[in-house]
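Undergrad:
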Amino acid sequence: MSQSDQAHSTRAGLEVGTKRLVFAYIVSATAWLVVGTAYGLIAAIKLYWPEAMEYSVLSFGRTRPIHTNVVLLGWSSMALMGVALYVISRSSKTSLYRPGFARAGLILWNICMVLTVITLSVGLTRGPQEYREILTPIMVLYAIGLLCNFYTAYQTIARRKVPEVYVSNWYIMGAFCWLATIVVIGYLPFYQNGMGNIVIQGYFMHNAVGMWFTPMVLGITYYALPRMLGKPIYSYALGVLAFWTAILFYTLIGAHHFIFSPVAWWIQTTAILFSVGMMVPVWAGFGNFFLTARGSWSRVRRDYAIIFLLVGVWGYALSSTQGTIEAFRSANIYWHFTNFTVGHSHLAMYGFVAFCIWGFVYGLIPKITGRGPSQAAIGFHFWLAFLGGSLYVVSISIAGILQGTSWVAGESFIASVDAAAPMWLWRSIGGFMMVFSHIVFLVNLWAMRPLPVPPASEMVEATA
Ligand code: HEM
Ligand code: HEM
Numbered sequence: 001m002s003q004s005d006q007a008h009s010t011r012a013g014l015e016v017g018t019k020r021l022v023f024a025y026i027v028s029a030t031a032w033l034v035v036g037t038a039y040g041l042i043a044a045i046k047l048y049w050p051e052a053m054e055y056s057v058l059s060f061g062r063t064r065p066i067h068t069n070v071v072l073l074g075w076s077s078m079a080l081m082g083v084a085l086y087v088i089s090r091s092s093k094t095s096l097y098r099p100g101f102a103r104a105g106l107i108l109w110n111i112c113m114v115l116t117v118i119t120l121s122v123g124l125t126r127g128p129q130e131y132r133e134i135l136t137p138i139m140v141l142y143a144i145g146l147l148c149n150f151y152t153a154y155q156t157i158a159r160r161k162v163p164e165v166y167v168s169n170w171y172i173m174g175a176f177c178w179l180a181t182i183v184v185i186g187y188l189p190f191y192q193n194g195m196g197n198i199v200i201q202g203y204f205m206h207n208a209v210g211m212w213f214t215p216m217v218l219g220i221t222y223y224a225l226p227r228m229l230g231k232p233i234y235s236y237a238l239g240v241l242a243f244w245t246a247i248l249f250y251t252l253i254g255a256h257h258f259i260f261s262p263v264a265w266w267i268q269t270t271a272i273l274f275s276v277g278m279m280v281p282v283w284a285g286f287g288n289f290f291l292t293a294r295g296s297w298s299r300v301r302r303d304y305a306i307i308f309l310l311v312g313v314w315g316y317a318l319s320s321t322q323g324t325i326e327a328f329r330s331a332n333i334y335w336h337f338t339n340f341t342v343g344h345s346h347l348a349m350y351g352f353v354a355f356c357i358w359g360f361v362y363g364l365i366p367k368i369t370g371r372g373p374s375q376a377a378i379g380f381h382f383w384l385a386f387l388g389g390s391l392y393v394v395s396i397s398i399a400g401i402l403q404g405t406s407w408v409a410g411e412s413f414i415a416s417v418d419a420a421a422p423m424w425l426w427r428s429i430g431g432f433m434m435v436f437s438h439i440v441f442l443v444n445l446w447a448m449r450p451l452p453v454p455p456a457s458e459m460v461e462a463t464a
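Going by my numbering, the sequence shown opens with residue 1, and the numbers climb by one from there.
Below you can see the structure in the form of structure tokens.
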């Protein structure tokens, strides 16, 4: 055994490995956040200034899918995976089992992201199937990376040093299983024509957000919020209720993306009914977190990490309730095909998912690395992201309402473009603030980097 292997076989050494792995995931994710949202900003600018940056690699049709795939798979998924590995290890009171697999997963996911940007930039795509544009061989690599992580995560939980599987791990393991199912169903060549493809498209889109990002974030919150507040979760039972009711309702609502489409009317009605049912897990989850934080407001006020997380929890309740309202036919007739949906997706993916991730990173990473940025630096990130994100969501939602009312009134299409155009400028200003806040986050992350590993001889002395 080499000296460094010996050092790593001590408990302290293993912990160093886990810390570095978790940190590597978050650094990679943040780099993709900056890249992905820079592409989003370019796409946004092009909507009101189409002559800008007239290169084919930067055309709207290419920058849009690069933006969505990079922020969904590069940023959100990688960051959540990094934090989830940490939560799995801590809540199971054991070191990660064979972290080399999770490290291989990280390398594979980074390779996939590089290939995704290159192929989509040159126009190589599976076609106009939202979020399924990535070529199949690249997605196969992505799936192998997912399986590597699943192996480490599952085996760690199986070897836990505590009798019960903590509720966080129910959500995280569930998310792994659902993502694997969604990727297989979304990419299998069957039913990929005509109406079958539409139904699969709805299933893929909504289950990716509902059965991957949402349970990952909620599962981690069940660990992070009590840890950051220094008190137990309000109700374990509410957490379990939200878990099972989400499985019941979330998996059947994909068709609400295709209200008034040729998809069978009863399938659409089922999706609307189950979208209403979603209020059970959403408000059970939100209520549980809110009641956990109740009585700790003086602590919340002093800690931007908890503020990030609680704003994210509010983002979950607001965006999901908004989604249920959008699913009704009477509302969908105004909002479908409009920018209102883009407002909803950013309220959810940014106001909920990204804000919670920032809460996790600021709240948990300094605990394992022993250092972090000042409250002023975190506050600077918070206010830029909060004001920029709010400006984005409000302006683009107004644009959607103006477009919808114009179409329902039977006006010409160009009248709706003229009505919405000023809002696209406001969205870009908000988007610029968001991208700037991500650079601030990158700098803050650097302040949380793990300390250099002491030479093996010093570690042996320290553990003797
Ligand atoms: C109760 C929960 C939710 C319901 C009922 C719901 C409902 C909807 C509906 C009806 C649409 C389609 C609007 C249209 O095209 O007319 C939609 C779109 C979308 N939702 Fe939700 N939503 C919910 C929660 C969420 C959450 C938590 C996320 C993210 C984590 C999310 C992300 C998205 C995204 C990204 C889209 C845009 C999809 C596209 O590109 O067309 N939603 N949602
Ligand atoms: C973590 C950050 C972000 C995430 C997760 C995210 C996610 C998404 C998603 C899921 C969509 C598809 C929406 C739909 O079809 O309804 C989208 C579209 C878009 N996003 Fe983002 N986004 C982020 C940040 C940004 C930023 C900072 C900008 C800059 C302005 C931006 C600009 C856009 C644009 C222009 C579109 C296309 C909208 C359209 O087709 O009309 N996004 N984004």
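All C-beta atoms, glycine included, are put in the ideal place defined by N, C-alpha and C.
#1: Return yes when the C-beta of G410 is under 8 Å from any heavy atom of ligand 1, and no when it is not.
#2: The alpha helix (DSSP H) with P226 in it runs from where to where?
#3: Select from T152, F286, I42 and R64 the residue whose C-alpha is nearest the C-alpha of G82.
#4: Mind reading off the beta-carbon distance from F260 to H206? Whole number of angstroms is fine, and I expect it under 8 Å.
#5: At the level of alpha carbons, what is the spacing between A447 and G372?
#6: Would you say the beta carbon of G285 is closer than 8 Å to some non-hydrogen atom of ligand 1?
#7: For M278, name the three-state secondary structure that DSSP assigns.
#8: Let me know the alpha helix (DSSP H) ranges lying completely inside the stretch 307-380, each 4 residues or longer, listed in chain order.
#9: Taking C-alpha atoms, which residue in P262, A264, K231 and M211 lies nearest to W244?
#10: From this set, T321, Y55, V27 and V183, which residue's C-alpha is nearest A348's C-alpha?
#11: Tell me the residue span of the alpha helix (DSSP H) that contains L238.
#12: Sort P215, A246 and A264 by Cα distance to I198 and report the nearest one.
#13: Assuming contact is defined by CB atoms lying nearer than 9 Å, are L72 and A208 in contact in what I supplied?
#14: Relative to ligand 1, is the shortest distance from any of its heavy atoms to the C-beta of I253 smaller than 8 Å?
#15: Mind listing, in chain order, the continuous alpha helix (DSSP H) runs of no fewer than 4 residues lying wholly within the stretch 395-447?
#16: Specify the secondary structure class of G127 as computed by DSSP and reduced to three states.
#17: If you count every other CB in all the chains shown that lies within 10 Å of the CB of T269, and 16 or more means buried, which is it?
#18: Determine whether the beta carbon atoms of Y203 and G186 lie at a separation below 9 Å.
#19: Confirm, please, whether the CB-CB distance from C177 to I138 is below 9 Å.
#20: Please check the pair Y142 and W109, which I expect to be a contact at CB under 8 Å, by giving their CB distance rounded to whole angstroms.
#21: Could you give the DSSP three-state label for A467: helix, strand or coil?
#22: Closer than 8 Å is the cut-off here; do at least three beta carbon pairs connect the stretch 350-360 with the stretch 414-424?
#23: May I ask you to report which of helix, strand or coil DSSP gives M113?
#24: Hey, T324 and S275 are a contact pair by Cβ (cut 8 Å); roughly how many whole angstroms apart?
#25: Does DSSP put R132 in a helix, a strand or coil?
#26: For L106 versus M78, is the C-beta spacing smaller than 9 Å?
#27: Regarding L72 and ligand 2, is the C-beta to nearest heavy atom distance less than 8 Å?
#28: Could you please give the first and the last residue of the uninterrupted alpha helix (DSSP H) stretch that includes F176?
#29: Ignore the nearest five residues each way along the sequence and tell me which others in A464's own chain have a CB closer than 8 Å to its CB.
#30: Rounded to whole angstroms, how far is the Cβ of L85 from the Cβ of V27, which I believe are closer than 8 Å?
#31: Give me the residue from P226, P128, V87 and A175 with the minimum Cα distance to A246.
TA: Answer, in terms of the structure:
#1: no
#2: T214 to L229
#3: T152
#4: So it is not a contact: roughly 17 Å between Cβ atoms.
#5: 5 Å
#6: no
#7: coil
#8: 329-335, 340-346 and 355-369
#9: M211
#10: T321
#11: Y236 to Y250
#12: A264
#13: yes
#14: yes
#15: 413-446
#16: coil
#17: exposed
#18: yes
#19: no
#20: 7 Å
#21: Only positions 1 to 464 of the chain appear in this structure, which leaves residue 467 out of reach.
#22: no
#23: helix
#24: 5 Å
#25: coil
#26: yes
#27: yes
#28: V167 to Y187
#29: Low per-residue confidence applies at A464: pLDDT is 34, beneath 50, and the placement is therefore not dependable, though the value from the model is reported in the following sentence. Excluding residues within five positions, none has a Cβ falling inside 8 Å.
#30: About 14 Å separates the two Cβ atoms, so there is no contact after all.
#31: A175
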